[in-house]
Structure formats: structure tokens, C-alpha cells
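Heads up: the structure comes next, in C-alpha cells.
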Amino acid sequence: MHRNKLHAGLLAATAVLVFAGSANAADLYGGGATFPAPAYVGDLYNSTSPVAKLSRETATPTTSTFPAVTFSVAAFGNSTGGKTPVFKDFLTRYGTDGVSYCQTGSGTGKKVLNNDGVFANGACSPAGIAGFSAATGQSAPDFIGTDAPISTADYSTFITNMSSTRSAIVQIPALAGAIALPFKDTVGGLTSVALNTEQVCRIFAGDIKDWTDSRLGLSLTGSHPITIVYRSEGSGTSFAFTSYLAAQCNGKFGLAADFFKPNQSYATAAALALPNYSASSAQAGNNGVVSKVKSTTDAFGYADIAEVLSQGVMYAAVNGYDPAKFGTTVVNGNTVPAPVSIAPTSLLSAKVLDGATVADVSSTIPAPQRNCLRLVAPNAVISSAYPIAAVTYVGAYYSGNGAKATALKNLFKQFYAPVPSGTDLRVALPTGYAYIDGNSLFRSSAVGSINSCIN
12 MHRNKLHAGL LAATAVLVFA GSANAADLYG GGATFPAPAY VGDLYNSTSP VAKLSRETAT
72 PTTSTFPAVT FSVAAFGNST GGKTPVFKDF LTRYGTDGVS YCQTGSGTGK KVLNNDGVFA
132 NGACSPAGIA GFSAATGQSA PDFIGTDAPI STADYSTFIT NMSSTRSAIV QIPALAGAIA
192 LPFKDTVGGL TSVALNTEQV CRIFAGDIKD WTDSRLGLSL TGSHPITIVY RSEGSGTSFA
252 FTSYLAAQCN GKFGLAADFF KPNQSYATAA ALALPNYSAS SAQAGNNGVV SKVKSTTDAF
312 GYADIAEVLS QGVMYAAVNG YDPAKFGTTV VNGNTVPAPV SIAPTSLLSA KVLDGATVAD
372 VSSTIPAPQR NCLRLVAPNA VISSAYPIAA VTYVGAYYSG NGAKATALKN LFKQFYAPVP
432 SGTDLRVALP TGYAYIDGNS LFRSSAVGSI NSCIN
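Going by my numbering, the first residue of the sequence shown is number 12, and it counts up by one from there.
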């Protein structure tokens, strides 16, 4: 294509990113990933005991059709640092639409999307396995959140269960976030941890089992055996973290070339490492991982930095970078938020991700529809930043959205600036998260898919 025509097409795609009001009130039922929850709904879910898996809110009571549930529910509220959550900003923009989000983990979120034995109208439960608490009769969700991109197996299940009525899966990258490594701060024990890549690899491989290991260079006395805390359920955070371990550790530091296997199940991904640990503990949700680290002497785990900060837990620096500064830049001596840039060639179409392997979406889905599955290449680089990060996605259906289509498009567009060089009207994100549209061509490509793929 001629360059001027290409440029004009990209500008046109961007120009239609005008937030449009919904003709009818729409209550959007979603759920899935816990990793982006502080950015999506705020962190008031931590204020209940047990932690509220469900957050929901509507503009006015008269527009609400959310069913009653027995499990505790958290309203949307400011995230740590006073940041307005993305979904709360959506409610401000579109006063007749509502959003509900149940934290189930990415694996269960994809099962709900595929009607794979878990349905949207099941209760949002502490175990995060029943459903999204959608309205009676609505078995399919309106959207999901996932940090574990759609795989071949996921799409095959969709084709079997849902393609006859919903045509194809829409997957759009939404945010990037730092995965922090929280540790237990104890009297006479750990007070500060700064690690390099090799040390991270050796700890999670179970080669370094005690904080007093001389290879860590910490001035500790006595015995401080490390308890590794990890996610018990299918998790996009686990997928992103084990992808990092596989890329940075395999074939190095005495580890086999396939020692870590990227997987949303940490137990599967780190099957060769688990027997080496001094102790380990599997916990549900990122909040569960951080809570367990907080209460366990010499524990070490992984979770989104916002969750770690929300619970006031110490965390490690990696290669000299602080995860709390992810998604920022320094301007005139001041640290300010900044979207990260990903090359547009790294935004793939019609590709699924199987571990670390990129594969084609099934050809049984027509080309225009399968192109609605967008994937950030696993080897995409976010340079000069904290090295352990996850891209989180929002997913939906190509067709069958009915009167909710406009509201869904508006929800997806909350993650993209209105114009490449204009005023960024989006809310500031919690510490450790970043918008991913620092590259204007990347932005235009993603927005084009939102406009054409939700019907």
C-alpha cells in the first residue's frame, strides 16, 4: 500500500475513537484475571474478609439488573494512591451503563468465555470457580480479563461450544503491569532485597534455598529457609512470570534448556523446581499470594506490584529496577506516568499462544473474524524498564452482543487515548501499571480491531 494511503487509513482508524454514548442502559458482566483488578476496579475488595472477589457498580439503582449474591461485594473505589479505577471512569463517562467484575483468575475466566463447564450466571465465590454473578439466564459473559492469552485448546473449545452463535473471539491487549517479588520483612531477617536475573532464576529453581546463601550477598545470620508462595489456580500472572523464567533462566546457570515451561499453572510450569524448595505454599489469587507472604517468615512470591503495595509488603528490586516505577518517565526532574511502547509488528493477528509457541487460529474461523484475536508477541521488548512484566488482555465475542455492543466498545476504548497527539483523557493508573499505546501505529491497529470486531 502507498505510504500516504496507509497513513490516511491509520488516521481514520484513530479518528473514530470517539467515545459514544449507549442508546440503552447496559449492565456488563465480566471477570477473570486478578492481576489487573486494582487498575480495573480499585482495591476496596481487600477491605472485606474474606477478600471480595466481586466488584460491581451502576450509575443509578434504577439501571441495575445485577442479581443478589450471597458473597460479599465491593463497590469500585480509588486504588492505592488515590487513583480512579478504569471501570469507575467508564461509569462517569456513560452514566446509564454499569460494570461487574468477578476475580476468578485468567484460567477460569477463559472457561466462562467458552462455556467450558463454568457459566457467567454462576455465583462469584471465594474459590473463584463458580461464575461471574451475571443476570439469571445470561450464561455467557459480556467480557473477560486474562493475562494468559487464548491458546489453541481455548479456541478449540470455543469453536465447539460457542462459534455457532458468537462467531469468533475478540482479544485486545489492555495494559502492562509489573510483577513484583514480595518477601516477608522480619525482625532480624530480611529488610531489603536487590536481585539480579541469575539470583531470581536460582531461587525459583530451588538452587538457592535459604536467604543466607552466600550467592545472595545478604548479611544474615542463622537459618532463613525460603518458602516459595505461588498461585494455586490457572493464572495469567503465573503464565507471564513463568514465561520470564523460561526466557531468562532455561539453559543458563546450570539449568536444563526446558527447565521452566511457560504455563498458567505454576505447578506445571515449575514441576522440576517444586521438589527443590525448602518449603512452598499454593494460594488462590494474587491477593492470596501476597497475604500468605505477609504472614509467613522468610516467604517469597510473585504478584502484581499494586497488590503488594496495597497490602504493605516489601518487595525485591531486580537488575536495579523498582517495579513501582514501571510505566513512568522522568520529565524535568519529575517522575510522571507514561505509556510503554511496543512495536506495531509485535501486535499479531489471528495468532494463539501455546506456552512459548505462537500458532495460527483455526482456519474454520473466517479470516476477518479470526483477525480479531490480537496477541502481543511473547518476545516483544519493553526496554529500559523493570524486566518482569505481564500484558493483560480484555476478551469478548465477535457477534451476538446485541444492544451491549456499543457499551462494550466504549469499555475496550478506555485503554486507548482518543488521538495520537491530543490530550490523554484517560485516568492515571495505579503504581506499576502502564498503558501500552506509546506507539501510535500500535494504537491505531488495536483501535481498528475494537471498532470492527465487536458487533
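From the three backbone atoms N, C-alpha and C, an ideal C-beta is built for every residue, glycine too. Being a predicted model, the structure only gives us computed values, none of them experimental.
Sequence-distant partners of threonine 208 (beyond 5 residues in either direction) whose C-beta falls short of 7 Å from its own C-beta, in its chain, are Gln259, Asn330.
The alpha-carbon of asparagine 57 is positioned some 43 Å away from that of proline 377.
Boundaries of the alpha helix (DSSP H) harbouring asparagine 172: 163–172, taken from the DSSP string. Taking each of Ala189, Gln182, Ile237, Ser178 in turn and checking the Cα distance to leucine 201, the smallest one comes out for Ile237.
Within 10 angstroms of the beta-carbon of leucine 358 lie 16 or more other beta-carbons, which makes it buried. Between glycine 406 and leucine 124, the beta carbon gap of about 6 Å places them in contact (Cβ cut-off 8 Å). Spatial neighbours of glycine 262 in its own chain (CB-CB distance under 6 Å, excluding positions within 5 residues in sequence) are listed in chain order as Ala268. No Cβ-Cβ contact shorter than 7 Å links phenylalanine 143 with tyrosine 288. When Cβ pairs closer than 8 Å are counted between the two stretches, the segment 237–246 is seen not to touch the segment 346–357, the count staying below three. Apart from sequence neighbours up to five positions away, the residues of its chain that approach leucine 227 with a beta-carbon distance below 7 Å are Gln210, Ile219, ordered along the chain.
Apart from the 5 residues on each side of it in sequence, threonine 176 sits with its Cβ closer than 6 Å to the Cβ of Gly411 in its chain, given in chain order. Between the alpha carbons of valine 363 and serine 254 lies a gap of roughly 15 Å. C-alpha of leucine 384 to C-alpha of glycine 233: approximately 52 Å in a straight line. Just measuring C-alpha positions, the residue of Ala317, Asp315, Gly323 sitting nearest lysine 305 is Gly323. Remark: C-beta atoms of leucine 419 and isoleucine 353 do not approach each other more closely than 7 Å. Taking all protein chains in view, the Cβ of asparagine 390 is surrounded by fewer than 16 other Cβ atoms within 10 Å, so the residue is classified as exposed.
If you check the CB distance, isoleucine 190 and tyrosine 51 do not come in under 7 Å.
Non-local C-beta neighbours of asparagine 382 in its own chain, meaning closer than 6 Å and more than five positions away in sequence, comprise Ser360, Ala361, ordered along the chain. Secondary structure at glutamine 182: strand, using DSSP grouped into helix, strand and coil. The beta carbon of threonine 375 sits closer than 7 Å to those of Ile170, all from its chain and outside the five residues before and after it, given in chain order. For lysine 64, there is no enclosing beta strand (DSSP E), as DSSP marks it with neither H nor E. If the five residues before and after leucine 285 are omitted, its C-beta is found closer than 7 Å to the C-beta atoms of Ala278, Ser291, all from its own chain and listed in chain order. When the beta-carbon positions are compared, valine 204 and phenylalanine 194 come within less than 7 Å of each other.
The C-beta distance from proline 184 to valine 402 rounds to 5 Å, short enough to fall under 8 Å. Assignment of lysine 94 by DSSP, reduced to helix, strand and coil, places it in the strand class. Serine 117 places its beta carbon 7 Å or farther from that of glycine 53. Counted as a single uninterrupted DSSP element, the stretch harbouring serine 291 is not any alpha helix (DSSP H) but the beta strand (DSSP E) occupying residues 290–294.
Leaving aside the five residues that flank phenylalanine 252 on each side, the residues in its chain whose CB is nearer than 8 Å to its CB run, in chain order, Ile190, Tyr277, Tyr313, Ile399, Ala401. Rounded to whole angstroms, the gap between the alpha carbons of threonine 119 and tyrosine 409 is 20 Å.
Counting the other CB atoms within 10 Å of its CB gives valine 319 a total of 16 or more, which places it among the buried residues. Distance from the CA of serine 83 to the CA of valine 387, rounded to the nearest whole angstrom, comes to 35 Å. At a Cβ-Cβ threshold of 7 Å, serine 246 and glutamine 275 count as neighbours. Glutamine 322 carries a coil assignment under DSSP once its states are collapsed to helix, strand and coil. In the three-state reduction of the DSSP assignment, glutamine 425 falls in the coil class. When only Cα atoms are considered, tyrosine 444 and leucine 266 end up about 31 Å apart. With a beta-carbon spacing of about 4 Å, alanine 63 and alanine 85 fall inside the 8 Å limit used to define contacts.
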